Amino acid sequence: MIRDFVVHPKNEFYIGYNKFYYFCVAKKINKRMKLLKILLLLIVPLNLNSQNTNEMAFAGVRTLVIDAGHGGRDPGALGKYVYEKTINLAIALKLGKLIEEWFPDVNVLYTRKEDVSVDLNERSNLANSNNADLFISIHANSTENANARNSTMGNETYIMGVHKSEDNLEIAMFENSSIKFEDNYEDKYEGFDPTNPESYILFSLMQNEYLEQSLKIAEFIQEEFQNGPVTRDRGVKQMGLIVLYKTVAPSVLTEVGFLSNPEEELVLMDEGNQQKIAECIFKAFKRYKEYMENYAVEQYNGN
Ligand SMILES: [Zn+2]
46 MIRDFVVHPK
56 NEFYIGYNKF
66 YYFCVAKKIN
76 KRMKLLKILL
86 LLIVPLNLNS
96 QNTNEMAFAG
106 VRTLVIDAGH
116 GGRDPGALGK
126 YVYEKTINLA
136 IALKLGKLIE
146 EWFPDVNVLY
156 TRKEDVSVDL
166 NERSNLANSN
176 NADLFISIHA
186 NSTENANARN
196 STMGNETYIM
206 GVHKSEDNLE
216 IAMFENSSIK
226 FEDNYEDKYE
236 GFDPTNPESY
246 ILFSLMQNEY
256 LEQSLKIAEF
266 IQEEFQNGPV
276 TRDRGVKQMG
286 LIVLYKTVAP
296 SVLTEVGFLS
306 NPEEELVLMD
316 EGNQQKIAEC
326 IFKAFKRYKE
336 YMENYAVEQY
346 NGN
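So for the sequence shown, the numbering used here puts the first residue at 46; every next one is plus one.
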């Protein structure tokens, strides 16, 4: 009989059975679908929530890299009494101490904690390999123009981009020349010559996905500097800097003052002033962290 059903599909009984069978199967599937829907309704919001929570945490600042510019065989700018590398390190360590003290949940990484040479590549790699959320490079400035030594002073903060003036290019060339202290720099930086203006065309081709955040922290730093010992505000500028270019995170390079200016060199050498400058950057960091956290909440609420 059963065989007949199969062999004669037009058999009424078979067709009736067949319909009934599919009806039952459909019912079962329907039931299962309902169950699946209920489960999905329960699971999906939970999943979305956990995803959003992760995104919110990520939008804050979990890992910060503090980069004391130059070091070791690379002294940076030369003041009358002090090397730039020494000032940078002193401020970097003071800044890190403040953040560790007030934000124990933030992982603070240093590209150097003593007077040692560190390749620019390695500095960016430290940030990239640790998925850093922010990179702050600390430097002190200098002008090559002997006639402008007394009149050139103040602080400025750089974000990645193309220089808009020859002065900025001069500073970019100086800061990028750090690579000349490194072994095989021609190979490591794919023929980039820090002293050749043509090399800087490279930076006009790049897309900077962290421009907005970098600009935010740069603006906060410049605003906070107004309460510090060096108050001449030279603003936020864009510049093709290798160390920022290679870092895959919001990143800034701040020049805390001019060592070529005799007055400002003395200001920067004073430990109390170094502490005040570190406090300015710390306050900017705090504001930036809050800004990023609020931004995440706004995104979460769909604003
Ligand atoms: Zn420097």
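Here a beta-carbon is modelled for each residue, glycine too, at the ideal position from N, C-alpha and C. Because the structure is a prediction, the values reported are computed rather than measured.
Would you call residue i buried or exposed, if buried means 16 or more other Cβ atoms sit within 10 Å of its Cβ?
i: aspartate 228; result: exposed
i: asparagine 176; result: exposed
i: serine 196; result: exposed
i: serine 210; result: exposed
i: glutamine 267; result: buried
i: glycine 116; result: buried
i: methionine 361; result: The chain is shown from 46 up to 348; residue 361 falls before or after that span and cannot be answered.
i: serine 259; result: buried
i: leucine 134; result: buried
i: methionine 251; result: exposed
i: alanine 323; result: buried
i: glycine 141; result: buried
i: proline 240; result: In the sequence on display, residue 240 carries threonine and not proline. When all chains shown are included, threonine 240 counts as exposed.
i: glutamine 344; result: exposed
i: glutamate 269; result: buried
i: arginine 168; result: buried
i: lysine 334; result: buried
i: threonine 276; result: exposed
i: asparagine 221; result: buried
i: isoleucine 326; result: buried
i: isoleucine 246; result: exposed
i: lysine 261; result: buried
i: valine 342; result: exposed
i: glycine 302; result: buried
i: glycine 317; result: exposed
i: proline 295; result: buried
i: alanine 191; result: exposed
Return the chain-ordered list of same chain residues with a C-beta closer than 8 Å to the C-beta of residue i, the five sequence neighbours on each side being excluded.
i: aspartate 320; result: Note that residue 320 corresponds to glutamine in the displayed sequence, not to aspartate. Excluding sequence neighbours, glutamine 320 sits near Lys139.
i: valine 127; result: Leu304, Glu310, Leu313 and Met314
i: lysine 233; result: Asp164, Asn166, Ile224 and Glu227
i: leucine 123; result: Glu129, Ser187 and Leu304
i: threonine 299; result: Ile181, Ser182, Ile183, His184, Asn200, Glu201, Thr202, Tyr203, Ala263, Ile266 and Ile326
Only counting the same chain, and skipping five residues up and downstream in sequence, which positions put a Cβ closer than 6 Å to that of residue i?
i: threonine 108; result: Asn152, Asn175, Ala177 and Asp178
i: serine 305; result: Ser187, Thr188 and Arg194
i: isoleucine 132; result: Ala185 and Leu313
i: phenylalanine 237; result: Ser244
i: asparagine 213; result: Lys282 and Met284
i: isoleucine 136; result: Ile183, Gln319, Ile322 and Ala323
i: alanine 113; result: Asn133, Leu134, Ala137, Arg157 and Ile183
Flag residue i as yes when its Cβ comes closer than 6 Å to any non-hydrogen atom of ligand 1, and as no otherwise.
i: histidine 184; result: yes
i: glutamate 220; result: yes
i: glycine 280; result: no
i: glycine 124; result: no
i: glycine 236; result: no
i: glycine 121; result: yes
Give the secondary structure of residue i by DSSP, where H, G and I count as helix, E and B as strand, and everything else as coil.
i: threonine 276; result: coil
i: alanine 113; result: strand
i: alanine 185; result: strand
i: methionine 78; result: A caution first: methionine 78 carries a pLDDT of 47, below 50, which makes its placement in the model unreliable, though a value can still be read off. Methionine 78: helix per DSSP, three-state reduction.
i: asparagine 306; result: coil
i: methionine 314; result: helix
i: threonine 131; result: helix
i: leucine 259; result: Checking the displayed sequence, the identity of residue 259 turns out to be serine instead of leucine. Looking at serine 259 - three-state DSSP - the assignment turns out to be helix.
i: tyrosine 234; result: coil
i: valine 288; result: helix
i: aspartate 212; result: helix
i: serine 174; result: helix
i: asparagine 152; result: strand
i: glutamine 283; result: strand
i: methionine 251; result: coil
i: tyrosine 203; result: strand
If I measure Cβ to Cβ from residue i and keep anything under 7 Å in the same chain, skipping five residues before and after, which residues do I get?
i: glutamine 271; result: Asp278
i: lysine 158; result: Leu138
i: arginine 118; result: Ser162 and Phe226
i: glycine 280; result: Glu201 and Gln267
i: isoleucine 144; result: Leu109, Val151, Val153, Phe327 and Phe330
i: leucine 286; result: Tyr203, Met205, Ala217, Glu220, Asn221 and Leu298
Can you find a heavy atom of ligand 2 that lies under 6 Å from the Cβ of residue i?
i: glycine 114; result: Absent from the structure shown: ligand 2. Ligands present: ligand 1.
Say whether chain C places a C-beta atom closer than 7 Å to the C-beta of residue i.
i: serine 222; result: Here chain C cannot be found, since the structure has a single protein chain.
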